[in-house]
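**Student:** All the letters of the sequence shown, read from the start, carry residue numbers 369 to 570 under the working numbering.
Glycine included, each C-beta is placed from N, C-alpha and C at the ideal position.
Structure below; questions to follow.
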Amino acid sequence: MCHGNHNWLEVLPTVLLGLRTCFKEDLKSSSAEMLYGSSLRIPGEFFLEDPPADPEMFLEKHRIAMRNIKSRPTSHHCNKTPFYHKNLFHCTHVWVRDDTVRKGFQPPYSRPFCIINRINVYLFTINFAGKSANVSTERLKPAFLPKESDSVSTVPLPSSTSASSLPTSSLNFIFDTTNNSENFEDLSWFEEKDSVRNVNRR
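Here's what the structure looks like:
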């Protein structure tokens, strides 16, 4: 009955026999033991050996079952267009992005590599440590390197000037006394304030 057999009337006695002989944990006995005082003797005719299965028939059924198995169609929601730099298809060297788990303060791109061949828009061949390697263009960005003919312009440093040659100015020229001379003629208040500050420092 539990296996979907249509002839349930034929298997009903077997099912009832199993219910009567099964051991119940709450009663610590079976239904037959409580009724008859002893367990039922199950005849050995119920445990007949199964006939050997035909390998060809088993293989055919297995093929039919595997054909009926179909994978569920997956959905692809991401339609992201990769960004390509405009100079990527004209430069001679590129930076390669490191997609591994990076350590702290490790740069995301490794040193510039020379381009050997541009296979297509999505794949370039570069000189990676002396060997040719095909790398996806999504991991590349152009490297702007200085030309060999370009010379580095150096700016001459100013010569060291001694402290004695620097212009010195007296305290009286700190203030402009051309327009308001009467307010800044006497600088004694500034000298007194400076002396008090030196005393406090001591």
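What number of angstroms, rounded off, separates the C-alpha of ASN502 from the C-alpha of SER439?
**Tutor:** 33 angstroms
**Student:** Which residues does DSSP pair with PRO510 in a beta bridge?
**Tutor:** VAL462
**Student:** Buried or exposed for LEU384, please, with buried defined as at least 16 other CB atoms from any protein chain shown within 10 angstroms of its CB.
**Tutor:** By the neighbour-count criterion, in which a residue is buried when 16 or more other Cβ atoms sit within 10 angstroms of its Cβ, LEU384 is exposed.
**Student:** Give the DSSP-derived three-state secondary structure of THR468 in the structure shown.
**Tutor:** If DSSP states are grouped into helix, strand and coil, THR468 belongs with coil.
**Student:** Does the segment 446–458 come close enough to the segment 498–513 that 3 or more CB-CB pairs lie under 8 angstroms?
**Tutor:** yes
**Student:** Could you say which of ARG388, GLU424, LEU427, HIS444 lies nearest to ARG409 if we only look at CA atoms?
**Tutor:** Out of ARG388, GLU424, LEU427, HIS444, ARG388 has the C-alpha closest to the C-alpha of ARG409.
**Student:** Based on the DSSP output, what are the partners of TYR477 in its beta bridges?
**Tutor:** Answer is ARG465, bridged to TYR477.
**Student:** Within the continuous alpha helix (DSSP H) that includes ASN436, where are the two ends?
**Tutor:** 423–436
**Student:** Within the same chain, show all residues whose beta-carbon is closer than 7 angstroms to that of HIS430, passing over the 5 residues directly before and after it, in chain order.
**Tutor:** none
**Student:** Measuring CB to CB, does TYR452 end up less than 7 angstroms from ARG465?
**Tutor:** No, these two residues do not count as a Cβ contact at 7 angstroms.
**Student:** Would you give the residue range spanned by the alpha helix (DSSP H) that VAL383 belongs to?
**Tutor:** 376–389
**Student:** By how many angstroms is the C-alpha of SER398 removed from the C-alpha of VAL379?
**Tutor:** Cα-Cα distance, rounded: 21 angstroms.
**Student:** Quick one, are the C-beta atoms of CYS446 and HIS461 less than 7 angstroms apart?
**Tutor:** For the 7 angstroms CB-CB criterion, CYS446 and HIS461 do not form a contact.
**Student:** So, helix, strand or coil for THR442, using DSSP?
**Tutor:** coil
**Student:** Here's the rule I'm using: 16 or more other beta-carbon atoms within 10 Å means buried, otherwise exposed. How should PRO475 be labelled?
**Tutor:** It counts as exposed.
**Student:** Rounded to the nearest angstrom, what separates HIS444 and PRO450 at their Cα positions?
**Tutor:** 16 angstroms
**Student:** Output yes or no for whether 7 angstroms exceeds the beta carbon distance between TRP463 and ALA511.
**Tutor:** yes
**Student:** Mind checking whether ILE487 and SER500 have CB atoms under 7 angstroms apart?
**Tutor:** no
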